[in-house]
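Trainee: My questions will all concern the structure given below.
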Amino acid sequence: PERWRITGACDGILIDGSVIEIKSCGPSAWKDIKKAYERLPDFKETYMSAGENTLNFAELYAREHSTQVRIYTEILRLSGFPVNLNPIVLYYEKDKDNLLAFRIPHSSEPFKLAVEKINMVYDRVKMGKMPLRVCDSSFSNRASRCIFCTKCFTTPNV
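Be aware that the sequence shown starts at -8, since it is given in the working numbering, and climbs by one per residue.
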């Protein structure tokens, strides 16, 4: 809805209708990303529903990126665009010009979860309350990347 004021765009749509999201990384992340996708072949959980304290950064990024491209795919599908329902995340290793692509299995679940969470955050902010905390501690991988970490962990989670 317009009230969310959220914008974004996929990096591209291939001739076969596949939505593609392109990410760049350095050499150490490159090795870790490959392992993360090998460990998470079905992507049944999104990064929004995963037990975030059990994931390393590469696994968290792999889930985040696959969730992102699935959401773009679902938005385009619901808007009437003829898309391939199995999008692609493409990684580019900056130092060596390597490319690695992963075909992500279709799921509309990430979109549904995102809409639920956006509505919850919107409603809580409208009431003057902080959104409910999802991280177990301020030291978790997800919290360490969040710009609201300090505020979130100094405000009661009610």
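No residue lacks a Cβ here, since even glycine has one placed at the ideal position from N, Cα and C.
Spatial neighbours of Y38 within its chain, please: C-beta separation below 7 Å, excluding the five flanking residues on both sides.
Mentor: Note that Y38 scores 48 on pLDDT, short of 50, meaning its location in the model is unreliable; the coordinates nonetheless yield the value given after this. Answer for Y38: L51, R54, E55, T58, listed in chain order.
Trainee: Using a Cβ-Cβ cutoff of less than 8 Å, which residues in the same chain neighbour V74 once the five nearest sequence positions on both sides are dropped?
Mentor: Closer than 8 Å at Cβ, skipping near neighbours: I4, G8, S9, V10, T64, L67, R68.
Trainee: Would you say the beta carbon of E107 comes nearer than 7 Å to a heavy atom of the ligand PLP?
Mentor: Summarising the ligand content, the structure contains no ligands, and the ligand PLP is consequently not present.
Trainee: Give a yes or no on whether the C-beta atoms belonging to K120 and S15 are separated by under 8 Å.
Mentor: Against a cut-off of 8 Å, the Cβ pair of S15 and K120 comes out as no contact.
Trainee: With a Cβ-Cβ cutoff of 8 Å, do V80 and C1 count as a contact?
Mentor: In this structure, C1 does not lie closer than 8 Å to V80 by Cβ.
Trainee: Could you check what DSSP says for I62 in three-state terms: helix, strand or coil?
Mentor: Note: I62 maps to helix in three-state DSSP.
Trainee: With respect to the alpha helix (DSSP H) encompassing P96, which residues constitute its N-terminal and C-terminal limits?
Mentor: Where P96 is concerned, there is no enclosing alpha helix (DSSP H), given that its DSSP letter is neither H nor E.
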